[in-house]
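In what follows, a single structure is set out as structure tokens and then discussed.
Residue numbers (the numbering used here): 10 to 284.
See the structure below:
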């Protein structure tokens with residue numbers, strides 16, 4: 010791990026701080042510090058179209074960047090507001106309900122956030138706003154890249170009337186609105202090597218939030234050897250007996266979540282003498 014890696018780790022820690030301070034994992038937020046967007050959804054009740062309605066969703070402000078492979082626990086508060094004709098609610102006596110399948114997307118990753126109706130407000134213009142809140146389910150950020158955070162393409166409002174199941178309302182859109190964009194960066198890695206008896210070298214690669222995968226390459230003179238990391242981020246090289254006493258230089262190539270590593274804390278190549 011070299012100085013650049015140390016700096017990258019510090020940047021990663023800063024990103025986590027931004028996640029917390031910026032509100033991605035903050036349960037409490039106000040409109041002033043929230044990302045909010047409105048999309049239009051075509052809805053059906055009992056298989057019959059009932060119209061297209063606006064859905065507004067707000068979440069705490071999303072940071073511009075974050076680490077790939079980071080697990081986000083259920084701390085992201087979500088508010089949703091669906092405006093529908095009052096007569097639709099009155100006809101079925103709808104006064105509450107849930108949206109159990111509500112979820113936003115981060116790239117191909119779905120962030121589940123089941124909603125519960127808190128109240129239904131009459132807007133005085135023939136429409137009512139169904140207000141609901143929820144919290145995200147645990148999810149892991151995907152591999153490094155830039156991703157849009159979007160509203161769902163579909164959800165079902167499981168309405169209730171005086172606590173009893175009422176008419177389910179299924180809503181969908183072909184063009185889900187975008188809440189924001191997040192750039193996910195690879196985590197810095199640290200590779201350690203240890204020479205043991207019988208011309209073997211144990212290699213361990215770690216990162217901040219997940220377990221690295223991929224390939225480690227060792228070079229002894231002009232000869233190159235490679236091994237894949239196991240599920241614990243480790244691998245063992247067994248070199249030919251003839252290479253005993255030679256210097257092996259190692260490099261980790263990285264994966265979709267983890268940056269490569271080939272230098273120690275002093276910026277020198279990571280190497281060891283084969284025993």
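Cβ atoms here follow ideal geometry from the backbone N, Cα and C, with glycine treated the same way.
With respect to residue 235, residue 264 sits apart: the two C-beta atoms are not nearer than 7 Å.
Here residue 240 is exposed: its Cβ has fewer than 16 other Cβ atoms, across all protein chains shown, within 10 Å. Within the same chain, Cβ atoms closer than 6 Å to the Cβ of residue 167 are found at 106, 107, 177, the five residues on either side in sequence being excluded.
For residue 101, the uninterrupted alpha helix (DSSP H) run begins and ends at 95-101, by DSSP.
Take residue 283, set aside five residues on each side of it, and the residues of its chain with a beta-carbon closer than 8 Å to its own are 204, 208, 210, 229, 248, 252, 253, 254, 255, 256, 257, in chain order. In the three-state reduction of the DSSP assignment, residue 250 falls in the helix class, which pools H, G and I. Rounded to whole angstroms, the gap between the alpha carbons of residue 113 and residue 238 is 33 Å. By the C-beta density criterion, residue 49 is exposed, having fewer than 16 other C-beta atoms within 10 angstroms.
Collapsing the DSSP output to three states places residue 235 in a strand. Contact annotation: the stretch 147-154 touches the stretch 193-203, with at least three C-beta pairs closer than 8 Å. In the displayed model, residue 138 falls within a strand according to three-state DSSP. Shortest Cα-Cα distance from residue 81 to any of 147, 182, 262, 156 involves 147. Setting aside the 5 residues that flank it on each side, residue 90 is surrounded in the same chain by 65, 138, 140, each with a C-beta closer than 6 Å to its C-beta; the list follows chain order.
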